[in-house]
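Report on one structure; see the data block that follows.
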Amino acid sequence: MRILLASPGLGLGGAERVVVSLASGLRARGHDVAVSGAAGPLDAQLGDVERLVLPERGRSPLGVIEWTTRQAAFVRSFRPHVVHAHNAKATVIAGAAIRLARGPRRPPLLATHHGAAADDRAGAAKLLLRAADEVVVVSEGVLPMFAPAVPRVIHNGIDPPPPGGDDAAREGVLFVGRLEPVKNPGRFLEVAKRVPEAKFVVVGDGSLREALDAPGVTFLGARDDARALLARAQLLLVTSDSEGQSIAVLEALAAGTPVVSTPVSGMRELDGVRIASFDPEDLAATVRELLDDPGQRAEMGAAGARLVRERFSADAMVDAYLSTYQALSTYHH
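To get our numbering, take the position in the sequence shown, counting from 1, and add 108.
The structure is reproduced here in structure tokens:
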């Protein structure tokens with residue numbers, strides 16, 4: 109099959125890493141794959157995958173027009189059997205590009221919803237259902253926002269992790285993610301303030317970076333070795349207001365690192381995750397309890413690692429998407 113993966117870009121976020129993992133897995137199975145979207149640090153991991161690099165200015169009206177026309181030209185030349193877009197913006201642009209391409213055969217459009225800001229969920233769901241031929245979500249917790257429609261659930265998957273460290277060698281509470289309002293990194297700093305005896309580390313960058321500062325909190329910026337950092341941490345702390353299914357959480361669990369999280373979708377179904385409330389006091393109490401109890405951390409870490417091995421492998425994710433592509437392509441032939 110020829111498959112076009114349409115992404116907003118190839119930054120270090122979870123959705124972008126899913127795109128790269130999918131592209132690599134599909135190529136390894138002998139399929140022709142192309143990836144469209146803005147350039148980013150994950151480009152280096154694409155190998156011989158064909159690439160349509162689109163300009164960063166894709167968020168402006170003129171940029172959207174350029175993305176649409178260039179993607180339409182690429183659809184005409186590449187002739188994909190399926191176009192698979194990731195999140196709402198990429199889906200809307202891909203849908204417009206497919207219509208503009210006007211080839212003898214219109215490829216079906218599959219959309220994966222990885223997540224949206226809490227105040228934008230209904231809008232994102234409507235856009236995806238209207239623009240795509242089929243919608244996939246990455247966790248059961250996201251399904252209610254699409255009701256009465258029932259999208260297919262395909263869990264994110266990851267490759268086997270580096271080995272996690274012995275508990276005695278682990279250190280710190282990590283935040284891994286974009287420094288954007290939906291991830292609420294300010295809540296992480298509020299927790300750090302309440303647990304001054306622990307080391308708190310922020311891995312990521314974004315529009316809120318300049319506004320974030322706290323004594324005793326280390327900011328490492330965007331890192332391509334986040335998996336190794338997670339494997340050496342005592343805890344991953346998720347402070348988001350909304351999530352789909354976090355790749356950082358799966359990577360932490362795979363490395364045997366327990367997770368403390370706000371009650372966002374995609375978390376309750378995971379072993380190795382302790383759910384607290386959105387209140388920094390409650391999060392801090394949960395963090396302190398686990399830091400003081402290495403036995404409980406070890407039990408949670410073992411349960412999380414077992415879960416990821418059994419249910420969240422990259423191979424299982426690629427196979428599930430491939431069967432969806434084949435069904436869509438056959439139906440729309």
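All C-beta atoms in this analysis are idealised placements derived from N, C-alpha and C, irrespective of residue type, glycine included.
Item	Value
Can you tell me whether tyrosine 439 is buried or exposed? The criterion is at least 16 other CB atoms within 10 Å of its CB, across all chains shown.	exposed
Kindly give me the distance between the Cβ atoms of alanine 209 and valine 183, rounded to whole angstroms, as I take these residues to be in contact under 8 Å.	4 Å
Would you mind sorting threonine 326 into buried or exposed? The rule is 16 or more other CB atoms within 10 Å of its CB.	exposed
Excluding the five sequence neighbours on either side, which residues of its own chain have a C-beta within less than 8 Å of the C-beta of valine 157, listed in chain order?	Ala131, Ser132, Arg135, Val141, Ala142 and Val143
Taking glycine 138 as the reference, give the member of Leu436, Ala435 and Val426 with the closest Cα.	Val426
Taking the beta carbon of glutamine 353 as the centre, do at least 16 other beta carbons fall within 10 Å, making it buried, or is it exposed?	buried
Quick check on the DSSP output: the alpha helix (DSSP H) that includes valine 244 runs from which residue to which?	Unbroken run through valine 244 is the beta strand (DSSP E), 242-245; no alpha helix (DSSP H).
On the three-pair Cβ rule with 8 Å, is the segment 415-435 touching the segment 383-395?	no
Relative to the C-alpha of aspartate 267, which candidate in Glu359, Gln179, Pro188 and Arg340 has its C-alpha closest?	Glu359
What do you reckon, are the CB atoms on lysine 301 and valine 281 nearer than 8 Å?	no
From the DSSP output, in three-state form, read off aspartate 387 for me.	coil
Residues bridged to aspartate 151 by DSSP?	None; aspartate 151 has no bridge partner.
Are there 16 or more other CB atoms within 10 angstroms of the CB of glycine 249, so buried, or fewer, so exposed?	buried
When the Cα atoms are used, what is the spatial distance from threonine 365 to proline 252?	29 Å
Taking the runs of the beta strand (DSSP E) that are 3 residues or longer, which of them lie wholly in the segment 264-345?	281-284, 308-311 and 325-329
Provide the residue span of the alpha helix (DSSP H) that contains valine 157, from first to last.	Taken as a continuous stretch (DSSP letters only), valine 157 belongs to no alpha helix (DSSP H), as it is neither H nor E.
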